[in-house]
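Novice: Structure provided below as structure tokens; questions to follow.
Residue numbers (my numbering): 51 to 223.
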């Protein structure tokens, strides 16, 4: 089976031209139209390091909620919060919550820990396969850590916690 490679420009892969070439490629291979994502208001070069195979930007409705009164160690004051969503009543719900927080004197906040968490699920044909995969994770944790940390300037893999449920293995890291 041949694979049609997504076009790349090794000289300047985050240019308007490179994005247009990839959009044309996608149109040709899928028959779809991409009229709306081609019009964006930022320099595509600013996306370098944040997205690969850039083709454009999507517009998502943005509402505003607030003000949220915050008494924090790193930020204090009233903050208006933009929320990008297509879920009806979500912004209004946030706004009501922020009003209650404001009227009660504000939110006193602190950072107890600075973490980000992921929890992928791996589904196997049997509990034995799930167990064996968990053993493989344990045996290869240092290699996994090296690869994971090579993809970010900020993150560190502290560990992987496993939860086995029959033929399923849930990882948290």
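Glycine residues also receive a C-beta, built at the ideal position from the N, C-alpha and C atoms.
Remember, it's a predicted structure, so these values are computed and weren't measured experimentally.
In chain order, what residues of the same chain lie with their CB nearer than 8 Å to the CB of residue 123, ignoring the 5 residues before and after it?
Specialist: 159, 160, 161
Novice: Among 91, 195, 182, which one has its Cα closest to the Cα of residue 107?
Specialist: Of 91, 195, 182, the residue nearest in Cα terms is 91.
Novice: If I'm right that residue 97 touches residue 64 with Cβ under 8 Å, what's the distance once you round it to whole angstroms?
Specialist: 6 Å
Novice: Please state whether the Cβ-Cβ distance between residue 94 and residue 75 is less than 7 Å.
Specialist: no
Novice: Could you name the residues of the same chain whose beta carbon sits closer than 6 Å to that of residue 152, not counting the 5 residues immediately before and after it, in chain order?
Specialist: 119, listed in sequence order.
Novice: What's the gap between the Cα of residue 113 and the Cα of residue 194?
Specialist: 40 Å
Novice: To the nearest angstrom, how far is it from the Cα of residue 219 to the Cα of residue 190?
Specialist: So the two alpha carbons sit approximately 16 Å from each other.
Novice: Verify whether the separation of the beta carbon atoms of residue 171 and residue 214 is less than 7 Å.
Specialist: no
Novice: What does the Cβ neighbour count give for residue 204, buried or exposed, with the cut at 16 atoms within 10 Å?
Specialist: exposed
Novice: Tell me whether residue 105 is buried or exposed, calling it buried when 16 or more other Cβ atoms sit within 10 Å of its Cβ.
Specialist: buried
Novice: Is residue 54 helix, strand or coil when you go by DSSP?
Specialist: Reduced to three states, the DSSP call for residue 54 is coil.
Novice: Just how far apart, CA to CA, sit residue 136 and residue 128?
Specialist: Residue 136 and residue 128 have their alpha carbons spaced roughly 25 Å apart.
Novice: I'd like the span of the alpha helix (DSSP H) that includes residue 208, first residue to last.
Specialist: Taken as a continuous stretch (DSSP letters only), residue 208 belongs to no alpha helix (DSSP H), as it is neither H nor E.
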